[in-house]
Ligand code: CA
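Numbering (my numbering), first residue to last: 1 to 655.
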């Protein structure tokens, strides 16, 4: 299409009705699609999600604002459909971008009566409470990785699938796995890698036998669920019902569900359903071709009226239909700030407790003005939306772009100031100098603190390579200190499943990973289960590490001063003190609530030796030692100076 001015085009042509897609109304089914430049549009009805079984094909009628519509005087629940668009005499068939259900491999949409997809008692399923974002403890996992390994203890029929999350009582050699593990650790939200329909896994092959693997950052249908995670991807309702069963089970255990959403690019460019529906409207362009701000071949033009509306409609659909508790925006830096703020407004209308955060960067060069993008450097313009704190991540363990680089826990004391900034929620603080890059958050809720996610090497693998000369015991201390920094920092803590039991992603023969000297996979998006799956035996083998993480989470939940909600609170309730050594960090956090008044002091020792550090005045008791134990009951009082174990965190309560 040769549209010079999209703003003008949108003013004249945008359609704001809420009825795009297939809609069952009484005994009729209405189809509507926006395609103002098409010369003809047809609705094709099919019996199945694939194959030669066309029922009929009918022209749609052009209405106001370039919407094409047709009403079939039947309830088409369970029938499959596509559209054919004609541009310049050329016809292309595609799935409806607004399809909310689909058949095998997402090739055809399906008309579905959603009221018939609800599990028993679904209407009474409530979103778990999360009063402020800093109350959350987010735990990232992938549906397939979670249970595909035999050590998960999940029944074979559910392994690698949504329903695995509904199985309680699973264990490996007496150690809780899967759902029981989530409950035991005490996390508040499970963050799932993509569960919307993605492209590169052939759903016809059962996941337990499927040699292909993909995380799912290859979007095909934003409003449909991925079929390979269901027990029957041919029946559009099965994946919907099973995903709801999963959410129900997690909600009943007081665990929220966060979706990873990838509204920044589509897997296909020319062949994508968006391009077939309206060429070059949904994607940004440069020199009359797809621009590549995502690094994946194209990028969505979120600033255009109907793309923005599409994203808003999609997020709203997931939040309402599936009771989703949070959204993580992949490459959010490619989405324009106005759209990001409108999404937050929309979520507030639905449920203000729904979490929203994203990656504040892009994957390549975009033609969009950098002033308009929801990137980290513009953070104050979308202060209600969280951002991954890569500054803290790299300060903790060393840069993710250089596996040999060290961080605070591995003895790189040059990172002390960035660690302090992270501990203080990445907001301004009068005791910290400068307005550096790491000081990006308007309020602590704007920083998502982490030191491991699905991208890059696992924390344990990074430590193994970057601290080769240290003992495994010392590396375990480094892992635990990393977790302490994440969970004792102001902001929203984020962990990856398995981090709490030293997850590793060993390379396998013929791995595509390029650096031959490194035995671990640092970009495992399409590596096989052998690399990616959670090996639950590792939890049993590293149970003391798991217990330490659990103790940190429990401490964080117990003391509200670890979850301060505003920048002003951090200024007034958090104080760094002089430990006697500038590399040993010490700070106090006050809780001024008259009913639960308390002061805690936290010390972080990066040295490989035991150290003595100064304390602020007063008498203290240890509430979290390097083994994760609470010594309150011992009634032992410390004042003046305190002994710190090598590479460890110590948390004290003032008497
Ligand atoms: Ca798929």
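Where is the CB? At the ideal position from N, CA and C, for every residue including glycine. Computed from a predicted structure; not experimentally measured.
N-terminal and C-terminal residue of the alpha helix (DSSP H) that residue 306 is part of
Walking along the chain shown from the start, residue 306 turns up at place 306. Counting along the chain, the alpha helix (DSSP H) containing residue 306 begins and ends at 305-322.
Answer yes if the segment 130-138 comes into contact with the segment 517-532, meaning at least three C-beta pairs across the two stretches below 8 angstroms, and no otherwise.
no
Output the boundary residues of the alpha helix (DSSP H) element that contains residue 238.
Here residue 238 refers to the residue found at position 238 of the chain shown. Looking at the DSSP string, the run of the alpha helix (DSSP H) that includes residue 238 is 236-252.
Unbroken stretches of the alpha helix (DSSP H), 4 residues or longer, contained in the segment 382-443:
390-397 and 416-423
Please name the residue, chosen from 475, 285, 456 and 454, that lies closest to residue 464 on a Cα-to-Cα basis.
Taking the chain shown and counting its residues from 1, the one referred to as residue 464 is at position 464. Residue 475 is the option with its Cα nearest to residue 464.
Identify whether residue 502 lies in helix, strand or coil by the three-state DSSP scheme.
Walking along the chain shown from the start, residue 502 turns up at place 502. Note: residue 502 maps to coil in three-state DSSP.
Exposed or buried, what is residue 174 when buried is set at 16 or more other beta-carbons lying within 10 Å of its beta-carbon?
Here residue 174 corresponds to residue number 174 of the chain shown, with the count starting at 1. With fewer than 16 Cβ atoms within 10 Å of its Cβ, residue 174 is classed as exposed.
Starting from residue 34, trace the beta strand (DSSP E) both ways and give me its first and last residue.
One-based indexing of the chain shown puts residue 34 at position 34. Note, residue 34: beta strand (DSSP E), 28-34.
Hey, is residue 50 close to ligand 1, as in C-beta under 7 angstroms from one of its heavy atoms?
Taking the first residue of the chain shown as position 1, residue 50 is located at position 50. It does not: the Cβ of residue 50 is nowhere closer than 7 angstroms to a heavy atom of ligand 1.
With a threshold of 16 other CB atoms inside 10 Å of the CB of residue 340, please say whether the residue is buried or exposed.
As a position in the chain shown, residue 340 is number 340, starting the count at 1. Under this definition residue 340 is a buried residue.
Output the residues surrounding ligand 1, defined as those with a CB atom closer than 7 angstroms to any ligand heavy atom, in chain order.
105, 106, 197, 198, 199, 201, 203, 220, 226, 227 and 228
Residue 318 to residue 324, Cα distance in whole Å?
Counting from 1 along the chain shown, the entry for residue 318 is found at position 318. Counting from 1 along the chain shown, the entry for residue 324 is found at position 324. The alpha-carbon atoms of residue 318 and residue 324 are separated by roughly 6 angstroms.
Under 8 angstroms by Cβ, that's how I've got residue 584 and residue 605 pegged, so tell me the actual separation to the nearest angstrom.
For the purposes of this step, residue 584 is taken as residue 584 along the chain shown, with counting starting at 1. For the purposes of this step, residue 605 is taken as residue 605 along the chain shown, with counting starting at 1. Sure, about 5 angstroms apart at Cβ, within 8 angstroms.
Assign residue 289 to one of two classes, buried (16 or more other C-beta atoms within 10 Å of its C-beta) or exposed (fewer than that).
The residue you call residue 289 lines up with position 289 of the chain shown. Its Cβ having fewer than 16 others within 10 Å, residue 289 is exposed.
Taking DSSP as the reference, what is the three-state secondary structure of residue 612?
Your numbering for residue 612 matches position 612 in the chain shown. In the structure shown, residue 612 sits in a strand (DSSP, three-state: E or B).
Quick check on this structure: which residue in 642, 637, 8 and 643 has the alpha carbon closest to the alpha carbon of residue 304?
In the chain shown, counting from the first residue as 1, residue 304 sits at position 304. Ranking the options by Cα distance to residue 304, first place goes to 8.
When the Cα of residue 201 is compared with those of 215, 448, 193 and 191, which residue comes out closest?
Translated into positions along the chain shown, residue 201 becomes position 201. Nearest option by C-alpha distance: 215.
Of the choices 382, 212 and 293, whose alpha-carbon is the least far from that of residue 364?
Counting from one through the chain shown, the residue named residue 364 turns up at place 364. When each option's Cα is compared against that of residue 364, the closest is 293.
Does the segment 564-576 come within contact of the segment 533-550, defined as at least 3 CB pairs closer than 8 angstroms?
no
DSSP three-state assignment for residue 76, whether helix, strand or coil
Residue 76 sits at position 76 when you count from the first residue of the chain shown. Looking at residue 76 - three-state DSSP - the assignment turns out to be coil, as it is neither helix nor strand.
Contacts around residue 231, its chain only, beta-carbon distance under 8 angstroms, and the 5 residues preceding and following it disregarded:
For the purposes of this step, residue 231 is identified with residue 231 of the chain shown, where counting begins at 1. Excluding sequence neighbours, residue 231 sits near 157, 158, 161, 163, 238 and 242.
Inter-residue spacing [alpha-carbon to alpha-carbon] between residue 130 and residue 353:
Numbered from its first residue, the chain shown carries residue 130 at position 130. Numbered from its first residue, the chain shown carries residue 353 at position 353. Each residue's alpha carbon lies about 6 angstroms from the other.
Checking 8 angstroms against the spacing of the C-beta atoms, do residue 224 and residue 260 come in under that value?
In the chain shown, residue 224 corresponds to position 224, counting from 1. In the chain shown, residue 260 corresponds to position 260, counting from 1. Not closer than 8 angstroms, so no.
Three-state secondary structure (DSSP) of residue 38
Start at 1 with the first residue of the chain shown, and residue 38 comes out as number 38. If DSSP states are grouped into helix, strand and coil, residue 38 belongs with coil.
I believe residue 309 touches residue 16 by the beta-carbon criterion, under 8 angstroms. Please report the beta-carbon distance rounded to the nearest angstrom.
Within the chain shown, residue 309 is the residue found at index 309, counting from 1. Within the chain shown, residue 16 is the residue found at index 16, counting from 1. Indeed they touch by this definition, with Cβ atoms about 7 angstroms apart.
Output the distance between the C-alpha atoms of residue 73 and residue 101, rounded to the nearest integer angstrom.
As a working mapping, residue 73 is identified with position 73 in the chain shown. As a working mapping, residue 101 is identified with position 101 in the chain shown. When rounded, the distance between both Cα atoms is 20 angstroms.
For residue 562, list the residues DSSP reports as bridge partners.
Taking the first residue of the chain shown as position 1, residue 562 is located at position 562. None; residue 562 has no bridge partner.
Assuming residue 531 is part of the alpha helix (DSSP H), what are its boundary residues?
Start at 1 with the first residue of the chain shown, and residue 531 comes out as number 531. Segment 529-532, the alpha helix (DSSP H) holding residue 531.
Residue range of the unbroken alpha helix (DSSP H) whose run includes residue 183:
Residue mapping note: residue 183 aligns to position 183 of the chain shown, counting from 1. 178-185 is the span of the alpha helix (DSSP H), which, as asked, contains residue 183.
According to DSSP, simplified to helix, strand and coil, what is residue 60?
Within the chain shown, the letter at position 60 stands for residue 60. Here residue 60 sits in coil by DSSP.
With a CB to CB cut of under 6 angstroms and the five nearest residues on each side skipped, what residues in its chain are close to residue 199?
Taking the chain shown and counting its residues from 1, one reaches residue 199 at position 199. Excluding sequence neighbours, residue 199 sits near 218, 220 and 267.
Classify residue 290 as helix, strand or coil using the three-state DSSP reduction.
Counting from 1 along the chain shown, the entry for residue 290 is found at position 290. It is a strand residue.
Ignore the nearest five residues each way along the sequence and tell me which others in residue 104's own chain have a CB closer than 8 angstroms to its CB.
By one-based count along the chain shown, residue 104 stands at place 104. Only 49, 50, 203, 204, 227, 233 and 234 meet the Cβ criterion.
What number of angstroms, rounded off, separates the C-alpha of residue 185 from the C-alpha of residue 255?
The residue labelled residue 185 in the question sits at position 185 within the chain shown. The residue labelled residue 255 in the question sits at position 255 within the chain shown. If you take the alpha carbons of residue 185 and residue 255, they lie about 11 angstroms apart.
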